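Mind the numbering: the sequence shown is residues 792 to 1359 in the numbering used here, read in order.
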Amino acid sequence: MVTTSRQLLGTMLLYENKITQEQLDKALQKQAQTGEMLGKILIEEHLVTEDELVEFLSKKYGIETTDLSKIQPQKEAINSIPSEVARKHRVFPFSIENNTLKVALCSVENVFLIDELRFLTGKKISIYLVKESQINEYLIRYYGTSKELEVLVRNVTESIDSLDNSIEQIESLDFDETSNIDDAPIIKLANSILESAVKEGASDIHLEPYENTFRVRFRIDGKAKTVNTPPKTIAPNLITRFKIMAKLNIAEKRLPQDGRIRIRAFGKLIDLRVSTVPTVFGEKLVMRLLDRENIKVSLDNINMRPTDLQRFKHAISLPNGVVIVTGPTGSGKSTTLYAALNELNKEDRNIMSVEDPVEYNLEGINQVQVKEDIGLTFSSVLRSFLRQDPDIIMVGEIRDTQTAEIAVRAALTGHLVLSTLHTNDSVSAITRLIDMGIDGYLIASSLRLVLAQRLVRKICTHCRQPINLPKEILLKAGFDKADLDDIRLFKGKGCSHCLDTGYKGRMAIFEVLHISEDIREMIIENKDENTIRQKALQEGMLTLKQDGLQKVKQGITTLEEVLSAAIN
792 MVTTSRQLLG TMLLYENKIT QEQLDKALQK QAQTGEMLGK ILIEEHLVTE
842 DELVEFLSKK YGIETTDLSK IQPQKEAINS IPSEVARKHR VFPFSIENNT
892 LKVALCSVEN VFLIDELRFL TGKKISIYLV KESQINEYLI RYYGTSKELE
942 VLVRNVTESI DSLDNSIEQI ESLDFDETSN IDDAPIIKLA NSILESAVKE
992 GASDIHLEPY ENTFRVRFRI DGKAKTVNTP PKTIAPNLIT RFKIMAKLNI
1042 AEKRLPQDGR IRIRAFGKLI DLRVSTVPTV FGEKLVMRLL DRENIKVSLD
1092 NINMRPTDLQ RFKHAISLPN GVVIVTGPTG SGKSTTLYAA LNELNKEDRN
1142 IMSVEDPVEY NLEGINQVQV KEDIGLTFSS VLRSFLRQDP DIIMVGEIRD
1192 TQTAEIAVRA ALTGHLVLST LHTNDSVSAI TRLIDMGIDG YLIASSLRLV
1242 LAQRLVRKIC THCRQPINLP KEILLKAGFD KADLDDIRLF KGKGCSHCLD
1292 TGYKGRMAIF EVLHISEDIR EMIIENKDEN TIRQKALQEG MLTLKQDGLQ
1342 KVKQGITTLE EVLSAAIN
């Protein structure tokens, strides 16, 4: 039965011409079948946005709106409402002023809620409307999933015997977010781990069995952090659950396996790359989280200084040549290449890509996954690409001489080739190609630009505060003496937004080597790295460290981060 308040919401949206009568009728019909709130259905059907829904509810009930991201919640307020109550009613207490508790909520249909909270806390209650996604985010961030995980771990531990007996039944089921089997403790625990990892922005999840313990770690902003240590008895069942989701062979525990999982969390599609290896104490499982939002990044939004950005864009706009992005594993090379491909992805171009593995599926780009066990290598795929009428070729990594030779040949025959190398800086990429057996004159003729990069953590904007460092340290770090009086440095104090680390998110620092005519001559003459580097610096190149120091001066990152990432 549809309530009057829900019908009024629909009527308001209809009156404002945000939806049609047909769309409203369809949504009401779905609501009658599922019992979900009308607003949620309208958002899922992309008929209204969350912001529009909050605005309508605010007008309808005369309730003020707020934005939790602009508020530092008070611990006293958060502690005033137990987590189970906050989750049950989808409310988040954020401030106490003059014995009045300010509470954010996303639904106003529970007419008894204010009285219940008043009785529970002994305070006056003032309510504010926010988006449901923000309520979900803040419930997890401040009440955390760690407590939830602990409860789930206890439940799993208590029922471990029954889980052992019913594991065959669980193993026969595919993962489905709407499945009724979510009541099984092991499945709840697995889903809670995934939810927590997505919410906290983890790039990897590690499940690690040891002799007497079992550890769950998240890698957040490049740093691994233990989030739970469940009993060792849970390990086989939990890892089996993830293997089922990844469609791996659960009976095979002696050999490494690779698979993929796709989930929807907080309205986002997340791909997970799953890897298992047999350790002496059982299987270790790692999941790499691949957020599809990352492939939508634009070159204009990767914090590259204007001069370097102009040079990079010019290099990838050329009809032929090799452009190399270099750096260690986890330095953001793939993100930069995907941003470049987004820039180049036009209907009149045939773009071919060979990767190991294919991390993201890109519409309009022909992607091939390397499978070395059947002979499908980078070099063999590249040879085939040359018969596919390509305009642009992306090679995930130049690993060997054959791949390097074919990439250079492709560039010299009229194709633009983008690829990566593992070197310490931009100039070292030239030496690496020479070491692979590529003649200097071929490198000079084909290479257009080398971009070296590293990732550094960004200062949390919620707890950012100025700091003072002795001038001796600043000079030793590489700052110019003339700049010392004007430099203002910052550091994050640590807060709930950044898990008390002082950092939130990461960005790249860059070193862009433009292959000028003078540098071409040096490559042909087989000049050493230092000579080429000095020439590049004279032509305006900033080293990784210099670019990092610029971003320290801008207050985006810290000196410690830059010195750690860009050791010259």
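Every residue, glycine too, gets a C-beta built ideally from N, C-alpha and C. These numbers come from a predicted model, not from an experiment.
- In chain order, what residues of the same chain lie with their CB nearer than 6 angstroms to the CB of Glu-1134, ignoring the 5 residues before and after it? Leu-1090
| request: Starting from Asp-1062, follow the beta strand (DSSP E) in both directions and report where the run begins and ends. | output: 1059 to 1070
Range covered by the beta strand (DSSP E) that runs through Ile-734
The question about residue 734 has no answer, for the chain in this structure spans 792 to 1359.
**OP:** Flag this pair as yes or no: are the beta carbons of Thr-1024 and Arg-1006 separated by less than 8 angstroms?
**Re:** no
- Item | Neighbourhood of Leu-1167 by C-beta, 7 angstroms cutoff - its chain only, sequence neighbours within 5 removed | Val-1161
| request: Would you tell me roughly how many angstroms separate the C-alpha atoms of Asp-906 and Gly-992, rounded to the nearest one? | output: 36 angstroms
Quick one: what's got a C-beta closer than 6 angstroms to Arg-1324's C-beta in the same chain, skipping five residues either side? Val-1218
* Assign Ser-1175 to one of three DSSP states: helix, strand, or coil. => helix
Q.
With three or more C-beta pairs closer than 8 angstroms as the rule, is the region 1118 to 1130 touching the region 1257 to 1277?
A. no
How big is the Cα-Cα spacing for Gln-1158 and Thr-891? 58 angstroms
Is Asp-965 buried or exposed, if buried means 16 or more other CB atoms sit within 10 Å of its CB? For Asp-965, the predicted structure reports a pLDDT of 39, less than 50, and the residue's modelled location is therefore unreliable. A value from the coordinates is still provided. That one is exposed.
Have a look at Asp-1309, Lys-1336, Gly-1346 and flag the residue whose alpha-carbon is nearest the alpha-carbon of Gln-1329.
Asp-1309
Please name the residue or residues paired with His-1305 in a DSSP beta bridge.
Leu-1240
Between the Cα of Arg-1079 and the Cα atoms of Ala-1195, Phe-1103, Asp-1049, Leu-804, which residue gives the shortest distance?
-> Asp-1049
ask   = Do you know offhand how far Val-989's Cα is from Asp-1062's?
value = 11 angstroms
Whole-angstrom distance between Ile-1234 and Asp-1319, CA atom to CA atom: 14 angstroms
Roughly how many angstroms lie between the CA atoms of Pro-1021 and Cys-897, to the nearest whole one? 34 angstroms
Residues bridged to Met-1298 (per DSSP): Val-1247
Counting only the same chain and skipping the five closest in sequence on each side, list residues whose C-beta sits under 8 angstroms from that of Leu-1173.
Val-1145, Ile-1184, Val-1186, Thr-1194, Ile-1197, Ala-1198, Ala-1201
Q) What residues in its chain sit with their C-beta under 8 angstroms from that of Arg-1045, if we drop five residues either side in the sequence? A) Pro-1069
- Message: Given this structure, state the Cα-to-Cα distance separating Phe-883 from Tyr-929, to the nearest angstrom.
- Response: 7 angstroms
Could you check whether Val-899 and Leu-848 sit closer than 8 angstroms to each other, using their CB atoms as the reference points?
yes
Fill in: Whole-number beta carbon distance between Gln-1337 and Glu-1096, since they are thought to touch under 8 angstroms
The residue you asked about is not Glu; residue 1096 is Arg in the sequence shown. Arg-1096 to Gln-1337, Cβ: 10 angstroms. No contact.
Tell me which residues share the same chain as Thr-1222 and place their Cβ nearer than 7 angstroms to its Cβ, disregarding the 5 neighbours each side in the sequence.
Glu-1320
Problem set entry | Cβ neighbour criterion (16 or more within 10 Å) applied to Tyr-919 | buried
| task | Please classify Gln-1244: is it buried, with 16 or more other beta-carbons within 10 angstroms of its beta-carbon, or exposed? | result | buried
Report, in whole angstroms, the separation of the C-beta atoms of Phe-1103 and Leu-1246, which I expect to be a contact under 8 angstroms. The Cβ separation is near 17 angstroms, so there is no contact.
Practice task
Below 8 angstroms CB to CB, which residues in the same chain sit around Asn-956 once its five sequence neighbours on both sides are set aside?
Solution key: At Asn-956 the pLDDT is 40, less than 50, meaning the model places this residue with poor confidence and gives no usable figure here.
Should Asn-1141 and Pro-1181 be called a contact, given that it needs their Cβ atoms to be closer than 8 angstroms?
yes
Problem set entry | Boundaries (first-last residue) of the beta strand (DSSP E) holding His-1206 | That residue, His-1206, is in no beta strand (DSSP E); it is neither H nor E in DSSP.
Beta-carbon separation (whole angstroms), Ala-1357 vs Gly-1339, contact threshold 8 angstroms:
5 angstroms
Is it right to say Asp-1012 is buried, meaning 16 or more other beta carbons lie within 10 angstroms of its own, or is it exposed? buried
Original post:
Which residue spans inside the region 1072 to 1159 form an unbroken beta strand (DSSP E) run of at least 3?
Top reply: 1073 to 1082, 1112 to 1117, 1142 to 1146
Practice item. Could you pull the start and end residues of the beta strand (DSSP E) that Leu-896 belongs to? Key: 891 to 896
Check your understanding: Grouping DSSP H, G and I as helix and E and B as strand, with all else coil, what is Pro-776?
Key -> For residue 776 there is no data in the structure shown, the boundaries of the chain being 792 and 1359.
message: Considering Cα atoms alone, identify which of Lys-914, Tyr-806, Leu-1039, Glu-1352 is closest to Ser-1066.
response: Leu-1039
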